[in-house]
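Undergrad: Keeping their order, the protein sequence lines are chains A and B.
Residue numbers for the first sequence follow numbering that gives the first Met the number 0, beginning at 0 and rising by one.
Residue numbers for the second sequence follow numbering that gives the first Met the number 0, beginning at 0 and rising by one.
C-beta: ideal position from N, C-alpha, C; glycine also.
Following this message is one structure expressed as structure tokens.
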Amino acid sequence: MITDILLWSVFVAQVMLVAAMGCNAYRLIRGPRAQDRVLCLDAMYVGAMLLVLTIGIRTGSQIYFEAALIISVLGFASSVALAKFLMRGEVIE
Amino acid sequence: MTHAADLPAWAALLTAFLVLVGAGLTLIGAIGTLRFGSFFERVHAPTLGTSWGTGAIALASIVCFSMLGSRPAVHEILIGVFVTITTPVTLMLLARAALYRDRTEGNANVPPQSLLRSSRGNVPQDRSSDDMR
């Protein structure tokens, strides 16, 4: 019973996170300007990281934590690089 | 899901609640990016997912793995701390880039440069300041 509650709530949470990433993907494709697309790419990184964390809770494996940490680090680096590109026109000067 | 039978009932219920809260907040933030009108409103929306969305799911992971491993597993705090530190940096860089782009194109709905001249910091020198006035 309790196990079923945990199973279903993790499943519902995964569906909600996928829906959130879908909203972000819609704005990413349709976004009127480049900064909207960069913003939604950053939000999609966070959503993917949370999805990996919930998969880790579902399977009970510690490996997914490291994957989530790597996703968050790469998301920060790529978002900063894209914001710098929008401001300056080049990333490394 | 064989490991979930090892969890005590309160830990399983707390994990379920925290996972649902985190995912719900992330979904609300993502809907906000759809419904807000301008970029400077939209830049606020994903912070729901990066503050308590990430915090709640990391807490759920801490509760789950602490009960499974019979010793405190607190390394998920790393993710929470890292996301909390890096999100304002990213969004402030992005907002300044968007402000710079709007000013360069001469959009009328951003504040003029003279209001922010004392706090410009490392914003690049504006080469087209005559176009905006």
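Curious, which full-length beta strand (DSSP E) runs of at least 3 residues does the region 21 to 52 of chain B contain?
TA: Correct list: empty.
Undergrad: Please report the distance separating the alpha-carbon of F107 of chain A from that of T53 of chain A.
TA: This structure leaves residue 107 of chain A out entirely; chain A is present only between 0 and 92.
Undergrad: Any beta carbon of chain B sitting closer than 8 Å to that of A47 of chain A?
TA: With 8 Å as the cut-off, A47 of chain A does not count as an interface residue toward chain B.
Undergrad: Which term fits V14 of chain A, buried or exposed, when burial requires 16 or more other beta carbons within 10 angstroms of its beta carbon?
TA: Exposed: under 16 other Cβ atoms inside 10 Å.
Undergrad: Please report whether the beta-carbon of V82 of chain B lies at a distance below 8 Å from any beta-carbon of chain A.
TA: Cβ-Cβ to chain A under 8 Å: yes for V82 of chain B.
Undergrad: Check whether the Cβ atoms of F71 of chain A and M48 of chain A sit closer than 8 Å, and answer yes or no.
TA: Residue 71 of chain A is actually Ser in this sequence, not Phe. Going by C-beta atoms, S71 of chain A is nearer than 8 Å to M48 of chain A.
Undergrad: In chain B, which residues lie less than 7 Å from I56 of chain A when you measure between Cβ atoms?
TA: Result: T14, V18, A59, S60 and C63.
Undergrad: Is the beta carbon of G52 of chain B closer than 8 Å to that of G28 of chain B?
TA: Closer than 8 Å, so yes.
Undergrad: Quick check: what's the CA-CA separation for I84 of chain B versus L77 of chain B?
TA: If I take the Cα positions, the gap works out to 11 Å.
Undergrad: Less than 8 Å between CB atoms is the rule here; does R70 of chain B satisfy it with respect to chain A?
TA: By this cut-off, R70 of chain B is not an interface position.
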